[in-house]
Amino acid sequence: MKRAIAPIGLDVGRRVLKAAQCLPDGRVLTALVTRSELGLAEDLERVGSTLWRRGFRGRTVVASASEHTALQATVELPRPETGAPVRTIAAAELARLHGREAKGLETTVVYRDAPADTRPGRGAPAYVFAVEGDDVMADVAALEHGTGSLRVVRVEAGPVAMARALAFAWGPGAACAIEFGWSRLTVSASVGGVPIFVRVLEELGLSRLDEARGGASSVGAFFDRLSEELERSAVYGVREAGGAGPVPTLLATPPRALGPLIEMVSRLGESGTAALAVRPTLRLGQGECSGRFARAVGLSLGARRSFALRGASIREALTRSSGEGVAA
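Using our numbering, read the sequence shown as starting at 9 and increasing by one per residue.
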């Protein structure tokens, strides 16, 4: 039986757009486009030609939600089988934790596996991610109209896509990811494709490193702070995920920062602070790709039944230009 072509996973970042597609023969296609100052719609004009030149197939896209104003946390929620309005409760809880209004938030909820001895009526731990609904719709409009050819079928939380990619590549056990991006450092831990811990540090992105190298501050001070935050986050993440032995840890960063990051994380293991097995790439069947594309890979994998989201995605059906759509 011929396997269907997976959708294109599109990780929409502040600095770059990263795309990945998992092919039926096990290969993984990847593409990266640096963003300009002209906005998402203009950037996508270049994305379309790049995708087709790289051999991407189809026009269906699963995109990541913008994280500029995203809220996220692990909280206890009513179990889905209770019939409770889980998304509404999740949005209210996130709003309370972050001191803002819940109105207008689009949420995704992913439950962790509950212990077999959990008493009926008790809540269950879940990872919750929320963004402004207007932001989601604006990005979808840009994606679909910017190229004139892509069809966005789903928008998902980037940390969920990352957790899914790690589970597909490394199995259902504990896993970590360290993403050193342009504007932020993100450290996450997951089990079985479900995020357990996600920490975002806005002041520790590559842009800050470049500022330090330009003389605005000390490079040594930057790396000291980075090492300190990595240690704190890695220890907590591994503990929360319940990892035993060296936990496979993906490094998702541009090549120029890979060496220093590997050295830093390796020191954590040597000191006994956190046992992490560092890996800069993901192996997926016959394919292998840089860790930078892990979120895009996870978005592409979302169509596979065994790796479908275990909760509600941000929008399963999105409003189209025709006005037709289904509310999340």
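Cβ atoms here follow ideal geometry from the backbone N, Cα and C, with glycine treated the same way.
Counting only runs of 3+ residues fully inside the segment 63 to 142, write out the beta strand (DSSP E) ranges in chain order.
If we require 3 residues or more, the beta strand (DSSP E) runs fully inside the segment 63 to 142 come out as 68 to 72, 79 to 85, 113 to 119, 132 to 140.
Measure how close the beta-carbons of Ala265 and Leu193 come, nearest whole angstrom, since I'm counting them as under 8 angstroms.
Wrong, their Cβ atoms sit about 10 angstroms apart, outside the cutoff.
Taking one C-beta from the segment 197 to 209 and one from the segment 281 to 290 each time, how about it: are there three or more such pairs within less than 8 angstroms?
Segments in contact, no.
Looking at the structure shown, is Leu337 part of a helix, part of a strand, or coil, going by DSSP?
The chain is shown from 9 up to 336; residue 337 falls before or after that span and cannot be answered.
Counting Cβ pairs, one atom from each stretch, are 3 or more of them under 8 angstroms apart for the segment 287 to 305 and the segment 157 to 173?
Judged by Cβ distances under 8 angstroms, the segment 287 to 305 makes contact with the segment 157 to 173, as three or more pairs qualify.
Indicate whether at least one CB of chain C lies closer than 8 angstroms to the CB of Ile186.
Absent from the structure is chain C; it holds one protein chain and no more.
Are the beta-carbon atoms of Ile186 and Glu248 separated by less than 8 angstroms?
No, Cβ-Cβ distance for Ile186 and Glu248 is not below 8 angstroms.
Spatial neighbours of Phe230 within its chain, please: CB distance less than 7 angstroms, with the 5 preceding and 5 following residues excluded, ordered by chain position.
Same-chain partners within the cutoff: Arg216, Leu217, Ala220.
Tell me the DSSP secondary structure of Ser44 in three-state form.
In this structure, Ser44 counts as coil in the three-state DSSP scheme.
Where does Val243 land, buried or exposed, given buried means 16+ other C-beta within 10 angstroms?
Exposed: under 16 other Cβ atoms inside 10 Å.
Does the distance from the CB of Thr116 to the CB of Val168 come in under 8 angstroms?
In contact: Thr116 and Val168 (Cβ atoms closer than 8 angstroms).
DSSP on Ile204, reduced to helix/strand/coil?
Of the three classes helix, strand and coil, the one that applies to Ile204 here is strand, per DSSP.
State the Cα-Cα distance for the pair Leu309 and Ala165, rounded to the nearest angstrom.
One C-alpha to the other measures close to 13 angstroms.
Starting from Phe301, follow the alpha helix (DSSP H) in both directions and report where the run begins and ends.
It is not in any alpha helix (DSSP H) - Phe301 carries neither H nor E in the DSSP assignment.
Rounding to the nearest angstrom, what Cα-Cα distance links Val227 and Pro268 in this structure?
Each residue's alpha carbon lies about 12 angstroms from the other.
Determine the direct distance from the alpha carbon of Gly56 to that of Thr90, and round the result to whole angstroms.
Looking at the two C-alpha atoms, the distance is approximately 44 angstroms.
DSSP on Ala165, reduced to helix/strand/coil?
Three-state DSSP puts Ala165 in coil, outside helix and strand.
Please list, in chain order, all residues of the same chain as Ala177 whose beta carbon is under 7 angstroms from its beta carbon, the five residues on each side excluded.
Contacts found: Leu290, Arg291, Leu292.
Closer than 8 angstroms by C-beta to Glu109: which residues in its own chain qualify, once you throw out the five before and the five after it? Chain order, please.
Cβ within range, chain order: Ala103.
What do you reckon, are the CB atoms on Leu25 and Val41 nearer than 8 angstroms?
Yes. Within cutoff.
Among the candidates Gly141, Arg35, Glu75, Asp33, whose CA atom is the shortest distance from the CA of Gly189?
Selected option, being the one with the closest Cα: Glu75.
In the structure shown, what three-state DSSP assignment does Ala260 receive?
Note: Ala260 maps to strand in three-state DSSP.
Between Val273, Val136, Thr96, which lies nearest to Gly112 when the distance is taken from Cα to Cα?
Checking every option, the nearest Cα to that of Gly112 belongs to Thr96.
So is Gln29 buried or exposed if we call it buried at 16+ other beta carbons inside 10 Å?
Buried, by the Cβ-count rule.
Which partner residues does Ile16 have in the DSSP bridge list?
In the DSSP output, where bridge partners are listed per residue, Ile16 has Val69.
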